[in-house]
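Structure, as structure tokens:
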Amino acid sequence: MTDTIIENIVASAQVSDSFDIALLAEKIPDSSYNPDEFNGLTIKFETPKIAVLIMSNGKLVCTGGKSQEEIKNAIEKTVTKIRDAGFNIKQKYKINYENIIASTDLEKPMDLEKISKGLPIQNVTYEPSEFPGVIYKADDYDSILLLFSSGKLVCTGAKKIEDATKAIDMLKEKLTSIGAL
Numbered sequence: 000m001t002d003t004i005i006e007n008i009v010a011s012a013q014v015s016d017s018f019d020i021a022l023l024a025e026k027i028p029d030s031s032y033n034p035d036e037f038n039g040l041t042i043k044f045e046t047p048k049i050a051v052l053i054m055s056n057g058k059l060v061c062t063g064g065k066s067q068e069e070i071k072n073a074i075e076k077t078v079t080k081i082r083d084a085g086f087n088i089k090q091k092y093k094i095n096y097e098n099i100i101a102s103t104d105l106e107k108p109m110d111l112e113k114i115s116k117g118l119p120i121q122n123v124t125y126e127p128s129e130f131p132g133v134i135y136k137a138d139d140y141d142s143i144l145l146l147f148s149s150g151k152l153v154c155t156g157a158k159k160i161e162d163a164t165k166a167i168d169m170l171k172e173k174l175t176s177i178g179a180l
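Numbering that gives the first Met the number 0 numbers the first residue of the sequence shown as 0 and each following residue consecutively.
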């Protein structure tokens with residue numbers, strides 16, 4: 000089995016009370032602003048490939064990072080660009096991790112019908128005509144696990160990397176206990 004891979008982290012930070020997005024767009028040349036499509040300002044970083052959305056309510060939303068360090072660095076770079084453009088930023092702000100998406104490959108085909116019957120019914124949704132995988136609600140880790148017949152397993156909704164990893168490990172244990180793994 001492959002290790003758990005962090006695919007994407009979505010985080011936010013309230014760095015100001017408000018921004019004049021149109022003015023900010025003028026002062027940050029490497030930003031993107033199209034109010035007909037989206038009411039925020041976008042800054043994209045190439046290495047690593049991360050996007051930071053700047054909202055008029057003073058909130059930053061960061062997506063695309065694969066580690067908390069990458070997210071922190073992208074938010075700090077964005078805050079520097081905003082300050083350099085002459086806007087005020089709160090002295091202290093907290094980064095909130097909203098959604099961590101992780102995956103692993105169980106490296107063997109899965110019998111989803113058998114698995115859906117072997118796992119606790121209250122946690123499982125399996126409707127192959129609507130979605131090609133088993134949906135498992137991991138209440139203890141506030142996340143959803145998606146298991147596909149290929150053996151790919153995706154965790155979404157976790158707020159901590161440790162919770163995503165633990166949720167995946169928990170489902171692996173459950174799959175082993177019902178003879179599916």
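Note that the Cβ used here is the ideal one computed from N, Cα and C, for glycine as well.
Cutoff 8 Å; reference residue i; Cβ partners in own chain excluding five residues on either side
i     : result
Asn87 : Ser15
Residues near residue i by beta carbon distance below 7 Å, same chain, minus five either side
i      : result
Gly117 : Ile177, Ala179
Lys171 : Leu180
Beta strand (DSSP E) segment containing residue i, residue limits
i      : result
Thr155 : 151-157
Lys136 : 132-137
Ala12  : 4-13
Ser142 : 142-147
Cβ neighbours of residue i in the same chain (closer than 6 Å, five flanking residues each side left out)
i      : result
Ile102 : The amino acid occupying residue 102 in the given sequence is Ser; Ile does not appear at that position. Cβ neighbours of Ser102 beyond the five flanking positions: Ile4, Glu6, Val153.
Lys158 : Tyr96
Thr155 : Ile100, Ile143
Pro47  : Glu69
Residue i, enclosing alpha helix (DSSP H) - first and last residue
i      : result
Ser115 : 111-117
Asp162 : 160-176
Integer-rounded CB distance, given that residue j should sit under 8 Å from residue i
i      : j      : result
Gly63  : Ile49  : 4 Å
Ser11  : Ser55  : The pair is not a contact, with the Cβ atoms about 14 Å apart (cut-off 8 Å).
Leu174 : Ser148 : Contact flag wrong, Cβ pair sits at about 13 Å.
Lys104 : Gly150 : The question names Lys, yet the displayed sequence has Asp at residue 104. Right, the Cβ-Cβ distance comes to about 6 Å (below 8 Å), so this counts as a contact.
Any C-beta of chain C under 8 Å from that of residue i
i      : result
Asp104 : Going by chain labels, chain C is absent from the structure shown, which holds only one protein chain.
### Query
In chain order, which alpha helix (DSSP H) runs of at least 4 residues are fully inside the stretch 19-94?
20-26, 67-83
### Query
If we count Cβ pairs, one from each stretch, closer than 8 Å, do we get three or more for the stretch 27-43 versus the stretch 71-86?
yes
### At least 3 beta-carbon pairs within less than 8 Å: the stretch 161-177 vs the stretch 131-146
yes
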